[in-house]
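Peer 1:
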């Protein structure tokens, strides 16, 4: 029949599907190459033989007798695990044949597929772990000035008290995030997540969902399956709330509950979820002034300010500029693949004299620009002229 010819062309070379057709007498009239391989035979030997002799467990005969399809049953034959179905074929209201098809995976192929999927899963788990991992420790915090060493020592000591809430303050660029990472890595929580949240970067209408997560259908535009919040992601570890001074008052009251109860509730949720986290906050704002202005809750301030780590500005520890410069040169040369290893006396004097409103971050940016200029000149010595291109509030000074 013409239809059977079409079926033969369609299924005969399909390596993923085993197909067979039997007539009303239960004899095989068509079998494709994949099915023949599963049965360890060939189509010439199989066609014309009763299906009962070849595959006693075949449901093709049941489909012939009942006129009903048998769909999605497990069938194991000769080491192949198959999901099979048998369909009756009608003509003028009578069953004239039965068509069987099976989705077949070689058992070893399935094993390899599972191994590949497990490999990918572990790869993504490692990637997620790296994203939720603190990058720095106290060895990355450079400074020998006495006040700075005392502050670093305080941070190291408080790190061992893994539940203590820490507030880190200082001007922009002083290294507040560096301290937060180091405190986490020196604590007993170091093997658990370190989750950073920039309170200034997330719109107010999204901040609650970002911190607390949400259940399915919590609001329009939410993910269908819901989402874990940052507090849950940080469970067992540390959540670092950067720019805490920018947190809206409406969220401050919710954060206070987390600090007091150590429980959160997802948006759209109906039950509280316990969280075991350390909270570290950072800000370059004067929080007491914000309290006086009514922009920051006083009760939250005192809850957050258990241990206060105040990082001094670079202009207040200028004796550290030479060792910071040496450290940053090494770091930048490694990243930029350059070999600018020395700083001239004039350049050193200029670096020491500048007031550094952007602190260590600005120093790193100035050095990066200078290294690039020095490398273009193919010199290994950073000279005063390499600093002269800097365009900001101090550009006039640097050019002098």
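In our numbering, the protein residues as written are 1 to 400.
We put the CB at the ideal spot given by N, CA and C, even for glycine.
Everything numeric in this text was worked out from a predicted model, so none of it was measured.
Which one or two residues does DSSP pair with residue 32 in a beta bridge?
Peer 2: Bridge partners of residue 32: none, in fact.
Peer 1: At the level of alpha carbons, what is the spacing between residue 50 and residue 27?
Peer 2: Computed Cα separation, rounded: 4 Å.
Peer 1: Please report the residue range of the beta strand (DSSP E) in which residue 308 lies.
Peer 2: Unbroken beta strand (DSSP E) run through residue 308: 307 to 310.
Peer 1: Which residue's Cα is closest to the Cα of residue 99: 132, 178, 32 and 226?
Peer 2: Residue 99 has its Cα closest to that of 32, out of 132, 178, 32 and 226.
Peer 1: With DSSP as the reference, label residue 39 as helix, strand or coil.
Peer 2: Residue 39: coil per DSSP, three-state reduction.
Peer 1: Near residue 72, what residues of its chain come up, given a Cβ to Cβ distance below 7 Å and the 5 sequence neighbours on each side ignored?
Peer 2: For residue 72, where only same-chain residues beyond five positions count, the Cβ hits under 7 Å are 83 and 85.
Peer 1: Can you list, in chain order, the residues of its chain whose CB lies under 6 Å from that of residue 284, leaving out five sequence neighbours each side?
Peer 2: 171 and 172, listed in sequence order.
Peer 1: Since residue 190 sits in a beta bridge, which residues does DSSP pair it with?
Peer 2: Answer is none; residue 190 lacks a bridge partner.
Peer 1: What did DSSP end up calling residue 381 once you bin it into helix, strand or coil?
Peer 2: If DSSP states are grouped into helix, strand and coil, residue 381 belongs with the strands.
Peer 1: By the DSSP assignment, the alpha helix (DSSP H) with residue 280 in it spans what residues?
Peer 2: First-last for residue 280: 278 to 283, but that is the beta strand (DSSP E), not the alpha helix (DSSP H).
Peer 1: Assign residue 272 to one of three DSSP states: helix, strand, or coil.
Peer 2: Here residue 272 sits in coil by DSSP.
Peer 1: For residue 142, does the three-state DSSP call read helix, strand or coil?
Peer 2: Coil at residue 142, not helix or strand.
Peer 1: Please report the straight-line C-alpha distance between residue 243 and residue 198, rounded to a whole angstrom.
Peer 2: Cα to Cα, residue 243 sits roughly 6 Å from residue 198.
Peer 1: CA-CA distance, residue 227 and residue 364?
Peer 2: Between residue 227 and residue 364, the C-alpha separation is close to 38 Å.
Peer 1: With distances taken between CB atoms, is the gap from residue 159 to residue 186 smaller than 8 Å?
Peer 2: Against a cut-off of 8 Å, the Cβ pair of residue 186 and residue 159 comes out as a contact.
Peer 1: Going by DSSP, which residues form a beta bridge with residue 228?
Peer 2: According to DSSP, residue 228 bridges with 213.
Peer 1: What residues in its chain sit with their C-beta under 6 Å from that of residue 22, if we drop five residues either side in the sequence?
Peer 2: The answer, listed in chain order, is 28, 51, 60 and 98.
Peer 1: Between which two residues does the beta strand (DSSP E) harbouring residue 371 extend?
Peer 2: Careful: residue 371 lies outside any beta strand (DSSP E), inside the alpha helix (DSSP H) at 359 to 376.
Peer 1: Would you say residue 297 and residue 215 are within 8 Å of each other, going by their C-beta atoms?
Peer 2: Contact flag unset, no.
Peer 1: Where does residue 380 land, buried or exposed, given buried means 16+ other C-beta within 10 angstroms?
Peer 2: Answer is exposed; the Cβ neighbour count stays below 16.
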